[in-house]
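In what follows, a single structure is set out as structure tokens and then discussed.
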Amino acid sequence: MKIHRGLRGVQICAVAMVVCAVTWSGGGGVKPPLHAQSREILRPPWRTQDDKQNTQQEQQIPTIKKEVRLVLVEATVKDKGGKAMKVLKQEDFLLYEEGQPQEIAHFSQDQLPLAVALVVDLSGSIKPFLRPLRYASMSALKALKKEDEVALFTFTQYVDKRVDLTRDKLEVSDQIEFFEAEGATNINDGVYEAAKYLREKAPAARRVIVLVSDNVPTASGWSPGDVLNEALEADAAVYSLKVPGRNPAGSRVLGAGRGLVNVKKLTEETGGEIFDVEKEGSLYLAFAALIERLKTRYTLGFYPAGSAASERKLRKLEVRLHPSFGVKGKDYSVVAKRGYFPAAK
């Protein structure tokens, strides 16, 4: 199987750089199908002490550094009935950093390219949904723009990168049907590795993680704080495609001391949402609604002033509408990330 690699996209005041990533290989993952032998099994560093002799570094690529200032914020606005408000203008928005109003220097809606990491849970509870997921993804991913790219990750106890970022959405959906579902549910590492990958490989795109899982973690490597910080560092909104599932009693054993991620909190902090398959009626409808939501988000950009542009600490964000739209939380709601880390120089 040919894996398409490379990055494409419009770069707006961003760092055009690719950081070499170290991948950890070794046993312990799900046995791959014959046509997917090129996947990478990703593990946290504390799980790779016996595998260091197998570690390979990608070829160093020269970097081009530019001054980074523009901060992008993706926002979904809903009316009091929960429907997305799709025809808002730049002057309708108010943007705050640490409580201070910011001038909106960039405004668009689904114009900048997307880099989507589809992260699929392969624990036993997901098995009944794999075939429907293939057909749902085949249809839903077609709704993305031609220049949008998708990567595919799976996880049980460990994380497997199956397909690098590609514009060939069919390549991603075709792989799903052949997966074997069994094992633990390590959501922590699945989201962490996907966020890290998007940060390194798609610096000029809007980054999104779509987690397909029952959202019941039973194992972990990276801590919940590590996962959230990496998602915020990557500026990746985490969306959840929640399928029904139940893990057997006593299954939460692996890595329990490190803590299990709260998917609801993760989506709220990063500006994503949970799409519940049971509430939407079917996996097909839920996946289609999720992709449609990505296309209705507004992109706001501002230039942080003074020390905020260089301090490497979390900065709080808030997006509101003009007072003429009423009171936030009562007359309308906004889904957006709640903070960001200024880009490193």
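Following our numbering, the numbering of the sequence shown begins with -12 at its first residue and continues without gaps. We put the beta carbon where it would ideally sit given N, CA and C, even for glycine.
With residue i as the anchor, note down where its beta strand (DSSP E) starts and where it stops.
| i | result |
| --- | --- |
| SER87 | With the sequence shown as reference, residue 87 is identified as Gln, and Ser is not the correct amino acid for it. It spans 87 to 89 - the beta strand (DSSP E) in which GLN87 sits, taken as one unbroken run. |
| LYS148 | 146 to 153 |
| LEU198 | 193 to 200 |
Would you mind working out which of the options sits nearest residue i, comparing C-alpha positions?
| i | options | result |
| --- | --- | --- |
| ALA127 | TYR179, ILE261, VAL103, ILE278 | ILE278 |
| GLU220 | ARG193, VAL107, VAL150, GLU134 | ARG193 |
| GLY69 | GLN144, TYR319, MET125 | TYR319 |
| ARG302 | PHE142, GLN77, LEU82 | LEU82 |
| ASP176 | GLU260, ALA224, TYR145 | TYR145 |
| ALA223 | THR153, SER210, VAL214, ALA182 | ALA182 |
| ALA189 | ASP151, GLN162, PRO310, ALA206 | ASP151 |
| GLU187 | SER160, ALA323, VAL250, GLU217 | GLU217 |
| THR143 | GLY288, THR205, LYS266 | THR205 |
| PHE312 | ARG56, LEU215, ALA292, LEU75 | LEU75 |
| VAL264 | GLU256, ALA292, GLY232, GLY246 | GLY232 |
| LEU131 | LYS251, THR254, VAL321, LEU99 | LEU99 |
| ASP97 | GLU267, GLU260, GLN87, LYS73 | LYS73 |
| LEU120 | VAL137, PHE328, GLU164, VAL250 | GLU164 |
| ARG325 | GLU256, ARG280, TYR184 | GLU256 |
| ARG280 | GLY246, ALA292, VAL321, VAL250 | VAL321 |
| TYR327 | PRO310, GLU298, LYS317 | GLU298 |
Looking at the secondary structure, which residues open and close the alpha helix (DSSP H) in which residue i lies?
| i | result |
| --- | --- |
| VAL159 | 156 to 163 |
| VAL178 | 174 to 188 |
| VAL225 | That residue, VAL225, is in no alpha helix (DSSP H); its beta strand (DSSP E) goes 223 to 229. |
| GLN212 | Per the sequence presented here, residue 212 reads as Gly, with Gln not at that position. Per DSSP, GLY212 belongs to the alpha helix (DSSP H) from 211 to 220. |
Would a C-beta distance cut-off of 8 Å place residue i and residue j closer than the cut-off?
| i | j | result |
| --- | --- | --- |
| LEU308 | LYS315 | yes |
| GLY208 | ASN173 | yes |
| VAL103 | ASP135 | yes |
| GLU271 | ALA71 | Checking the sequence shown, residue 271 turns out to be Tyr, not Glu. In this structure, ALA71 does not lie closer than 8 Å to TYR271 by Cβ. |
| GLU78 | LEU304 | no |
| LEU101 | VAL195 | yes |
| PHE289 | ALA273 | no |
| VAL178 | VAL248 | yes |
| GLY268 | ALA323 | no |
| LYS133 | ARG154 | yes |
| PHE140 | GLU180 | yes |
| VAL214 | LEU253 | yes |
| ALA92 | LEU57 | yes |
| TYR184 | LYS148 | yes |
key: contact_flag[the region 192 to 207, the region 215 to 233] where n(CB pairs < 8 Å) is 3 or more   = Because the criterion of three Cβ pairs below 8 Å is met, the region 192 to 207 and the region 215 to 233 touch.
query = Curious, which full-length alpha helix (DSSP H) runs of at least 4 residues does the region 55 to 139 contain?
reply = Within the region 55 to 139, the complete alpha helix (DSSP H) runs of at least 4 residues are 117 to 127.
query = Do the region 59 to 78 and the region 283 to 290 touch if we need at least three Cβ pairs shorter than 8 Å?
reply = yes
Continuous alpha helix (DSSP H) assignments of at least 4 residues falling wholly in the region 257 to 319 = 264 to 267, 270 to 283
ask   = Looking at C-beta atoms only, is the number of pairs between the region 165 to 174 and the region 107 to 114 that lie closer than 8 Å three or more?
value = yes
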